[in-house]
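Asker:
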Amino acid sequence: MTLDIESIRPRLLSIEVYQCLDELRRFRHVFRNSYTVELNPQRMAIVVNQAKKLEGLNKADLA
């Protein structure tokens, strides 16, 4: 998705969008698989900020 493959397809996502999505994917994995772990409020704030940042970036990439 981040590679521009000449004569096949253009890059769909920028590196910045990919990194935000990857951060959210990692959080989702921990959230879904850690039943007894308390969530760190500071870590949650980082994830929320990444999601907000992604909203604007994603619109620009997919336009």
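In my numbering, each residue's number is its place in the sequence shown (first place is 1) plus 554.
We put the beta carbon where it would ideally sit given N, CA and C, even for glycine.
(1) Can you name the residues that DSSP bridges to Ile559?
(2) To the nearest angstrom, report how far apart Val602 and Leu566 are at their CA atoms.
(3) Leaving aside the five residues before and after Glu560 along the sequence, list all residues of the same chain whose C-beta is less than 7 Å from its C-beta, in chain order.
(4) How should Val591 be labelled, buried or exposed, when 16 other C-beta atoms within 10 angstroms of its C-beta is the threshold for buried?
Answerer: Looking at the atomic coordinates:
(1) Residue pairing from DSSP places Ile559 in a beta bridge opposite Arg563.
(2) CA-CA distance, Val602 to Leu566, rounds to 23 Å.
(3) Excluding sequence neighbours, Glu560 sits near nothing in its chain.
(4) Of the residues assessed, Val591 falls on the exposed side of the cut-off, its CB having fewer than 16 other CB atoms within 10 angstroms.
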